[in-house]
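The sequence shown begins at 1 in UniProt numbering and counts up one residue at a time.
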Amino acid sequence: MATILLIDDDIEVLSINKKYLSGEGYTVYATDSPQKGIAYAKKLKPDCILLDIMMPQLNGYEVCHQIRQFCSSPILFLTGKGSEDDKIEGLTIGADDYIVKPYSLRELKARIDIHIRRAAHVNTPQNDNTLVFHDLTIDKLAHKAFYQGEDLMLANREYEVLLYLASHPNTDVTFEDLGIALFGFYQESDRRSVMVNVSRLRKKFEGNPTLEHMIETVWSKGYRFIVN
């Protein structure tokens with residue numbers, strides 16, 4: 001069964017989540033220390049990480065940033081900070097999902113399962129393992145993208161955005177299409193999250209003339225991956 005790492009300075013929240021998720025069959029490790037959480041993530045390479053934001057010494061954004069230096073496991077923020085700016089910062093820093101407290105434990109489990117399945121699917125070998133567009137190469141097995149042979153160093157979400165768009169070249173991809181591909185579900189409030197993830201990918205394309213114009217915005221609808 002999957003391994004889950006919980007990092008939260010609220011002992012009661014840790015206890016409730018650990019008890020519930022353990023009862024659902026997960027192997028659960030929990031800590032109220034951000035520093036220990038980073039060490040556990042490095043040692044355990046868990047299948048999913050649940051991370052609080054408001055913690056002493058190191059906040060969740062900094063913990064997420066540090067974990068992303070060595071671990072690509074899905075990271076879900078569980079937090080009372082529910083403003084749009086908070087969510088955007090969390091997604092931009094490298095999180096895969098953002099869940100505002102209080103939340104349903106059943107929904108939490110559903111989201112964990114979605115992200116674990118997606119991560120497993122991404123790492124599963126496929127028959128057609130490479131997409132090539134001029135100087136851009138997408139290696140599905142390695143979960144990486146290369147421009148003129150140089151690794152673009154994409155985060156998980158950036159890679160998933162690119163792979164989905166590149167798999168539908170010269171086609172209008174709606175916000176809903178991309179949202180479902182990224183999160184497994186979509187509601188209109190998810191549009192901003194989709195836009196943030198596309199923006200993060202575009203920043204990785206900056207300075208590469210061939211790439212900068214490959215993703216076009218389709219006004220009020222979504223995006224188009226341009227291949228000439």
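Yeah, the Cβ is synthetic: ideal placement off N, Cα and C, and Gly gets one too.
Quick caveat: nothing in here was measured; it's all calculated off a predicted structure.
Taking each of K81, R192, H213 and Q69 in turn and checking the Cα distance to A155, the smallest one comes out for Q69.
Residue environment: P46 is assigned as buried (16 or more neighbouring CB atoms within 10 Å of its CB, all protein chains considered). With fewer than 16 other beta carbons inside 10 angstroms of its own, E212 counts as exposed. By the CB criterion at 8 Å, N129 and K144 fall outside the cutoff. Measuring C-alpha to C-alpha distances from N197 to each of G207, G222 and P209 identifies G222 as the nearest.
Check the Cα spacing between S199 and each of C71, E89, G184 and G60: the tightest is with E89. For secondary structure counted as the alpha helix (DSSP H) over 4 or more consecutive residues, the segment 82–148 holds these complete runs in sequence order: 84–93 and 105–122. In the three-state scheme derived from DSSP, where H, G and I count as helix and E and B as strand, R68 is classed as coil. By the neighbour-count definition (other C-beta atoms within 10 Å, threshold 16), I7 is a buried residue.
With 16 or more other Cβ atoms from the protein chains shown falling within 10 Å of its own Cβ, Y186 counts as buried. Rounded to whole angstroms, the separation of the alpha carbons of K19 and N208 is 49 Å. Residue pairing by DSSP places F183 opposite no residue, since no beta bridge is assigned to it. For H134, the number of other beta carbons within 10 angstroms of its own is below 16, and it is reported as exposed.
According to DSSP, residue pairing for D151 in a beta bridge involves F146. In the DSSP annotation of this structure, the continuous segment of the beta strand (DSSP E) that includes A30 starts and ends at T27 to T31.
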